[in-house]
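*Asks:*
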Amino acid sequence: MTAAWEALKKGTNLSDDETLPTSLRHEMEQVLKGEKQTETIYQLKIELCDIHPPIWRRVLVPSTISFHQLHLVIQQAMGWLNDHLYEFETKDAIVDIPHPDDAFIPFQKRKLDAQRTLAKEHLHKEKQKIIYTYDFGDDWKHTITLEKIEKTAEPLTHPICLKGKRACPPEDIGGSWGYQETLAMLQDDTRKEESEEFFDWYGGTFDPEYFDLEEANKRLSIVVFV
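Counting in UniProt numbering, the sequence shown runs from 1 upward without gaps.
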């Protein structure tokens with residue numbers, strides 16, 4: 001259990017490294033209210049693969065979330081623009097939005113509909129991992145780890161981001177290789193002209209170390225669990 005959850009259960013202050021905005025603290029306190037435990041909450045860690053230093057987010061979602069809803073959570077928590085296709089890969093299945101051509105393509109794993117398949121059907125033990133791929137051109141792979149399973153009295157109305165590190169890469173940058181090359185360019189004083197071209201293409205400044213927890217939760221507030 002995270003230090004944040006422990007602190008709230010004991011009625012003590014959050015540790016410095018997990019300080020949350022007042023609105024999020026209130027949300028977590030509401031989740032923990034009551035004696036009857038009826039809701040199962042997953043604490044998930046979302047981490048981009050092949051990126052150093054790592055880019056990651058830690059979120060809370062209900063176990064009853066569908067894979068399509070989880071896709072939306074990842075998009076908003078990370079800061080992606082949801083402009084491309086996606087898929088999840090579990091131990092024995094590929095989960096995505098079905099396409100008519102799927103019937104003519106041989107798959108090594110069974111195919112499941114992301115809108116009809118629940119996360120708890122494939123994530124039900126702590127430390128279990130699945131892979132989420134976004135944008136098959138740039139091939140952004142994320143490792144999704146089920147860190148903790150919590151029993152609570154009140155259902156989550158929307159996902160909560162507890163913590164995160166570093167900015168989401170720009171879309172269409174060329175995947176992990178292209179992003180690492182861009183970071184190297186931005187740190188190289190002899191490549192200032194290339195850096196200026198990048199900022200013109202990106203449409204503004206870019207700080208790879210930037211992450212704002214409150215902004216992430218504002219984005220997540222549009223993902224409502226019914």
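By construction, the Cβ of each residue, glycine as well, lies at the ideal position given by its N, Cα and C atoms.
Quick caveat, the model's predicted, so the values are computed rather than measured.
Sort out for me which residues DSSP pairs D96 with in a bridge.
*Replies:* According to DSSP, D96 bridges with D113.
*Asks:* Buried or exposed, going by whether 16 or more other CB atoms sit within 10 Å of the CB of H122?
*Replies:* buried
*Asks:* Starting from F88, trace the beta strand (DSSP E) both ways and give me its first and last residue.
*Replies:* Y86 to E89
*Asks:* Report yes if the C-beta distance between F88 and L72 is below 9 angstroms; otherwise report no.
*Replies:* no
*Asks:* I'd like to know whether the C-beta atoms of A77 and A167 end up nearer to each other than 9 angstroms.
*Replies:* With contacts defined as CB atoms closer than 9 angstroms, A77 and A167 fail to qualify as a contacting pair.
*Asks:* Beta-carbon within less than 7 angstroms of G174's beta-carbon, same chain only, minus the 5 sequence neighbours each way: which residues are those?
*Replies:* D138
*Asks:* Which residue comes first and which comes last in the beta strand (DSSP E) that contains Y132?
*Replies:* K129 to Y134
*Asks:* Let me check understanding here. Comparing Cα to Cα, which of Q43, F67, F225 and S66 lies closest to L156?
*Replies:* F225
*Asks:* Can you tell me whether residue 250 is buried or exposed, with buried defined as 16 or more other CB within 10 angstroms of its CB?
*Replies:* With the chain covering 1 to 226 only, the question about residue 250 has no answer from this structure.
*Asks:* Would you check if the distance between the CB atom of E150 and the CB atom of I41 is smaller than 9 angstroms?
*Replies:* yes
*Asks:* Please classify Y134: is it buried, with 16 or more other beta-carbons within 10 angstroms of its beta-carbon, or exposed?
*Replies:* buried
*Asks:* For K45, count neighbouring C-beta atoms within 10 Å of its own C-beta (all shown protein chains included) and say buried if the count is 16 or more, exposed if not.
*Replies:* buried
*Asks:* Could you check if Q108 is buried or exposed, using at least 16 other CB atoms within 10 Å of its CB as the buried criterion?
*Replies:* exposed
*Asks:* Give me the residue from W80, D189 and S66 with the minimum Cα distance to residue 233.
*Replies:* Nothing about residue 233 can be reported from this structure: the residues present for the chain run from 1 to 226 only.
*Asks:* Would you say the beta carbon of D50 is closer than 8 angstroms to some non-hydrogen atom of the ligand GTP?
*Replies:* As for the ligand GTP, it is missing from this structure, which has no ligand bound.
*Asks:* Can you give me the Cβ contacts of F211 inside the same chain, cut-off strictly under 8 angstroms, excluding the 5 residues immediately before and after it?
*Replies:* G164, K165, R166 and A167
*Asks:* To the nearest angstrom, how far is it from the Cα of G203 to the Cα of E193?
*Replies:* Per the coordinates, the alpha-carbon of G203 lies some 15 angstroms from the alpha-carbon of E193.
*Asks:* Would L85 be called buried (16 or more neighbouring beta carbons within 10 Å of its own) or exposed?
*Replies:* exposed
*Asks:* Write down every uninterrupted run of the alpha helix (DSSP H) in the stretch 139-174 whose length is 4 residues or greater and which is fully enclosed by it, in chain order.
*Replies:* none
*Asks:* Which of helix, strand or coil does DSSP assign to S195?
*Replies:* S195: helix per DSSP, three-state reduction.
*Asks:* Does the beta-carbon of D96 have 16 or more other beta-carbons within 10 angstroms, so that it is buried, or is it exposed?
*Replies:* buried
*Asks:* Between T182 and F198, which are expected to be in contact by the criterion C-beta below 8 angstroms, what is the C-beta distance as a whole number of angstroms?
*Replies:* 6 angstroms
*Asks:* Taking only the alpha-carbon atoms, compute the straight-line gap between S63 and Y132 and give it to the nearest angstrom.
*Replies:* 17 angstroms
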